[in-house]
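One point on numbering: in this note's numbering, the residue at position 86 of the sequence shown is 101, and numbering is uninterrupted.
Think of the CB as a built atom: it goes at the ideal place given N, C-alpha and C, for glycine as much as any other residue.
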Amino acid sequence: MAEVENHSSPPSDPAPSDPSTPHPQTGFNPSRMIGIIRRKAMIKDLAAIYHAECLAYCQELLELQKKAEESLIEMKAAEDSRRETMRPPKRMKKAR
């Protein structure tokens, strides 16, 4: 015999939601806002500390770079002075 399907009845209860997902809170929770504000302030403090450290490292690198450039200039000046004191050759090379 033929099976009769009943389309008018609603389906059975949907599958229960995953228990690991949090349920959205309804209404305003001031303690949650306080936690958010505290975390935001902590992040700002950490960002300020990080920025200060970066500036200190940049300053240190700049000083090291200046010292390196100064030493290169001194070496180049010494090399140039040696070139100036060299005597010209006694005989000029013949051009071919």
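{"Asked": "DSSP-derived helix/strand/coil call for Pro104", "Found": "coil"}
{"Asked": "Through-space distance from Ser86 to Lys109, alpha-carbon basis", "Found": "39 Å"}
{"Asked": "Per-residue DSSP class, three states only, for Ala110", "Found": "coil"}
{"Asked": "Three-state secondary structure (DSSP) of Ala92", "Found": "helix"}
{"Asked": "Spatial neighbours of Asp28 in its chain, beta-carbon cut-off 7 Å, leaving aside the 5 residues before and after", "Found": "For Asp28, the pLDDT reaches just 49, beneath the cut-off of 50, and the residue's location in the model is therefore unreliable, although a value from the coordinates is still provided. Answer for Asp28: no residue qualifies."}
{"Asked": "Straight-line gap, Pro62 to Glu89 (C-alpha atoms, nearest Å)", "Found": "The displayed chain sequence assigns Ala, not Pro, to residue 62. If I take the Cα positions, the gap works out to 41 Å."}
{"Asked": "Environment of Lys105 [buried if 16+ CB atoms lie within 10 Å]", "Found": "exposed"}
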